[in-house]
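Residue numbers (this note's numbering), protein chains in the order written: chain A, 1 to 201; chain B, 202 to 791. Below: the structure, in C-alpha cells.
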Amino acid sequence: MTFASLILSFALTAPGGDSAVREALKLFANDPPVTEVQRAALEHFSVSQDDLSGYRTSARLKALMPSLTGSYTQDDTKLNIYATDRMIWRAQAPFDPDDPQTADAQSGLGRAFSASVTWNLASLVFDSNQLETYALVGIHEDLLKEVTRLYYTRQHNMLALALDPPKDPRARAALLLRTREIEAMLDALTGGAWSRLRQRQ
Amino acid sequence: MLGPFVTAVALGATWIEITGGLPPHDDITTVQPGEHPDELWVGTHRGLVWHSTDNGDSFRIAFRPVQSEPPVVPWLSNIRASSLSDLARGTDRDLAPRDRVSLAERAGDLAGTVRDRPRSRGAPLLSSLVRRVERDRVVVKKVATCAEGVMFVVTPETVWRSKDKGVHWEKLLLGPMGLALDSQGGTPGGVGWLTCSEKTPGHVVVNTASGILESFNWGDTFGFWKNPFPRASLVQTASLGGPGGRIRIMHDNRFYREREDRNGYEFVCHLIGDSLEADDPSWVWLVADTGHAFAVTGDGILLCDQGRVRRLRDERLSRRPARFVWVDWTRAGHIYVATEHEVYESFDNGESFEQIFVSPTERTIRRILMHPDRPDDLLVVTGGQLWRRITDPAAVQTWESGAATRRRVDGVLNQAPLWEVVQTSLDRLELEPRQIAGRRQDLRLRALMPRVIVRVVRLEATTVEAYDDMLAPLATASGAEQVTQLERGHTIWSAFVLWDLRDVILDPLQTDHSWVDLERLRQRITWRVQDAWAMWARETVALGNPNLNGKQRAFHEVSRRQAAAYLHHMTGGEFAAFDLSTVHSKGASP
C-alpha cells in the first residue's frame, strides 16, 4: 500500500469530509462518463432509444407502401375441324366420314398480363410489428441495467482496493482480477468503446 | 410506506458483493455456516470448497477435487462441494418444498470423493452409500440437522444417523417396534419424511410406509405415533420447532397442534376455499415461536390465522412460489421470504413486507443465510455471487430527531416523486398504461379500415383460321382456301375495397399473447425503476448522516450514483437535476 493511499485511508476512516470523498473519487478521473458507456452499449446492440423509435415508426409507415403482384399467362390453342356437308356431296355418293369436304384449322395465342397493387390501410392504424418492437424494449432495459451495474461495481472494487484492500494476498489478487474481468465485459458489451473512451479521457 | 422505508434507511441497509478471493466464474452451489459465527464454507460447482473466518471478507481454498483428503467440514464431512448444495438444501429447516429436488444425479458425485474405509458401526455414511450408488441410483431425500449435533440422512429405504455432526454415521437399527428391515437392510415400502426438533432434544418423527414413528431419544428406540383421530394425517413440518416442539396434524381440512402439556390437540385453523388441497404432499408448515403458522406451498405462502387459512396480504407474495422462508427464532414477528429474484422482510409476522433485495442479474436466489448473532446480517446467494447486507452501525444511532428525519426524508422524496419517475420512464418506453390502452383502442378501430386492391388485366388474343373447302371445284362461289386472322385485345381495370367485418367484433390480435408479455414487461420495468429509486433515496438519506466516515461516504456515494445513472437514462435525462459526478454534500439542504 502506498504512502499516499495510507494517508487517504486514514483520512477516510475519520468522520467527515466531503473533501476526502472527492479525493477518493479522483480514482475515477480517467473513467468515461457513465452516460457515454450506456449509449455505446445500446448502439452496439442496435437497441438505443433512437433505434426503438425508428422501428416503431417504420412499423407504422410501412402500411403506406403497397404490395405489388404481377402475373403473365400465355395460352396456345390449336383446333382442326373436319366437316362433312351432306347437302353438297354428290348425290348417290355414299357418305364417307373419312373424306371430309371442309377442313377448318384454327390456331390461337392468348396472353394475359395482370398487375395489382394492394394497400392494407388497417396497418396505418395499428400493425402487429409494433407489438414485436416491445421485445427490444426489454433488451434495452436489461442491457442498460447490466452496463450500469458493471460500471459502478468496478468503481466499488477500485475503492476497496485503494482504501481497504483484503489482507490476504490471494484475495487481493482476486479482487483485482475481478475488476479486470468487469472491464473486459464492459468492452464486450460496448463493442470496444469502453477502451476507446478511456483512452480519449 | 414511510415506516418501513425509514427503518430500512435507519438500518443503513445496502448490499455489497462478497468477492474476497472467490473465483468469479464459478457457480456458488452452497454456503454453509460454520461452527463459529463468522465462519463460512462456500462450495462451487467445480467441487472447490472455500473457507472464510471473517464472515466472508476473505476466503482461502480448503479443498480441491484432486486432493486425497477431503476437509472435515462441520456438519457435512467428506462430501464434495457439488453435493453440498443438495445436501445443504436438505439441512435448511425452512426450505420450501419445491426445492427438494431429486438427488439421484448427485449420487455419482457422492461416490467420487468417498474413501473406502472398513465398514463398522461407525463407518462413514458415504462409504456405505457408495456401494449402493454404484449398484443402483441412490436418492438422498433429506438431510436433517437437529440439536446437539445430531444429523439424519433419509434415503428412500432407510435412515442414517450421526451424533457427531456428520463425522460418523450409522444406519438406524430399527427394532421390532420400529421400522422392519428387509433383507438388504432397508425398510419395506420406504421412508417418507423425517422431522426433528431443535428445541426438544431427542424428538424425532419419521413417516414410513409402516406407519408414523416417534422417538424421544434421537432414534435409539421408536414407537408408533398415537393418532388422536381416525383419519388424521401428520403434517410435514420443516421442523418440530416452536414452543415445546409440538406435533401438528391435519384432519378433515382442519389444522391442529398438540397442546403445550402434550395432553391432546387444539384446533388452529380451517382450510377452506381458494382451491386449497390440505393433503398436498408438497406443503410444508412452519411455525414461529409466536404461534403463527405458515404453510409454504407451490403457489405461495398461506398464513394460518384466526381459525382459517388465508394468503399473505402482500400481492407480491400471495401467489408466487417461495424459495426460502426463514423465521427468525430470536425476534418475534421477524420473517424473511425469498422468491426467485427478490428477498422480502417482515417485522409483523407477514402482515407487511419490505423488499430488501433484488437480484441484480438474471441469476436466481439459491439461498439466504442469517448470522446467528446478528439477525440483520443477511447473506444472499445468487448463482455465482454472494451478497451481504451491510448494516451501518453509525446510521442506526439516532442522529436526528424523528421530526428532522421525516423532513429530511420528505425532502429527498420530493426531489423526485416516485410516481413521476415511474411514469416518465414508462412514458419514454411507450409502456405507460394509457399508451397501452391507446394501442388497444387502435386495434379495435383498425378493422374499420379497408384493404384496397387496384388491379389491371390486359388480355391479348391472336387467332388464325384457315378454311379449306374440298368441294370447291364444284362450287360456283370461290371455295378457295380462306385464311382469317383475328386479333383481339382488351384491358380491364378493377378496384376492390375489402372489409373483414368479423374483425370489427374481435380482431385476432386483441387476444394475442403479446399483450400479456407487454404487461409483464411493464410490471418488470416498473419494479426495477422503483427499486432503483428506493436505492437512490436510501443512499441519499444515508449520506445526510454526519457520523459516517469518509470511506462509508464514498461507498454510499458510488451506490447513489449507480441508481441515479440508471434512472437518468430511463427518464431520458429528466431525473438527474445535478451532475452525476458531483458529490452529494452532507451539508446540502434536502
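Glycine included, C-beta positions come from ideal geometry on N, C-alpha and C. All figures in this text were calculated on a predicted structure; none of them were measured in a lab.
Chain A contact for residue i (CB, 8 Å cutoff)
i	result
Arg-590/B	no
Ala-738/B	no
Leu-630/B	yes
Glu-775/B	no
Gly-745/B	no
Pro-634/B	no
Gln-763/B	yes
Arg-659/B	yes
Asp-239/B	no
Lys-752/B	yes
Pro-651/B	yes
Phe-423/B	no
His-770/B	yes
Other residues of its chain near residue i: CB distance less than 8 Å, five sequence neighbours each side excluded
i	result
Pro-32/A	Trp-194, Leu-197, Arg-198, Arg-200, Gln-201
Met-185/A	Leu-150
Phe-776/B	Ala-617, Val-622, Thr-625, Ala-765, Leu-768, His-769
is_contact[residue i, chain B] using C-beta, thresh 8 Å
i	result
Gly-191/A	no
Pro-32/A	no
Asn-120/A	yes
Glu-141/A	yes
Pro-165/A	no
Leu-161/A	no
Ser-107/A	yes
Val-137/A	yes
Arg-196/A	no
Gly-110/A	yes
Thr-57/A	no
Exposure of residue i, with buried meaning 16 or more beta-carbon neighbours within 10 Å
i	result
Ala-638/B	exposed
Phe-425/B	exposed
Leu-189/A	buried
Asn-615/B	exposed
Trp-620/B	exposed
Trp-792/B	No information on residue 792/B is available, as it lies outside the stretch 202 to 791 that chain B covers here.
Ser-128/A	exposed
Ile-557/B	buried
Tyr-72/A	exposed
Asn-408/B	buried
Glu-349/B	exposed
Pro-634/B	exposed
Lys-752/B	buried
Counterpart residues of residue i in DSSP-defined beta bridges
i	result
Met-571/B	Leu-579/B
Glu-688/B	Thr-663/B
Asp-669/B	Ala-103/A
Tyr-82/A	Ala-103/A
Asp-76/A	Leu-109/A
Val-717/B	DSSP, once it has assigned bridges, lists no residue as partnering Val-717/B.
Arg-556/B	The sequence given here has Gln at residue 556/B, not Arg. DSSP output for Gln-556/B lists Tyr-545/B as bridge partner(s).
Gln-683/B	Tyr-668/B
Tyr-152/A	Per DSSP, none; premise fails for Tyr-152/A.
Proximity of residue i and residue j at Cβ, strictly below 8 Å
i	j	result
His-535/B	Phe-548/B	yes
Leu-42/A	Leu-144/A	yes
Val-653/B	Val-698/B	yes
Val-623/B	Thr-727/B	yes
Phe-468/B	Gly-551/B	no
Leu-518/B	Tyr-545/B	yes
Gly-626/B	Thr-772/B	Strictly speaking, residue 626/B in this sequence is Ser, with Gly absent from that position. A contact, by the Cβ cut-off of 8 Å.
Val-125/A	Leu-707/B	no
Leu-503/B	Arg-512/B	yes
Val-392/B	Val-355/B	yes
Ala-115/A	Leu-660/B	no
Arg-564/B	Leu-579/B	no
Leu-121/A	Met-650/B	yes
Thr-77/A	Ser-107/A	yes
Neighbourhood of residue i by C-beta distance below 6 Å, restricted to the same chain and skipping five residues each side
i	result
Leu-687/B	Thr-664
Met-158/A	Leu-27
Gln-598/B	Reliability fails at Gln-598/B, whose pLDDT of 39 lies under 50, so the model's placement of it is uncertain and the value that follows must be treated cautiously. Within the same chain, Gln-598/B has no close Cβ partners at all.
Ala-733/B	Ala-764, Tyr-767, Leu-768
Gly-191/A	His-44
Gln-74/A	Arg-111
Contacts around residue i, its chain only, beta-carbon distance under 7 Å, and the 5 residues preceding and following it disregarded
i	result
Leu-52/A	Thr-133, Leu-136, Val-137, His-140
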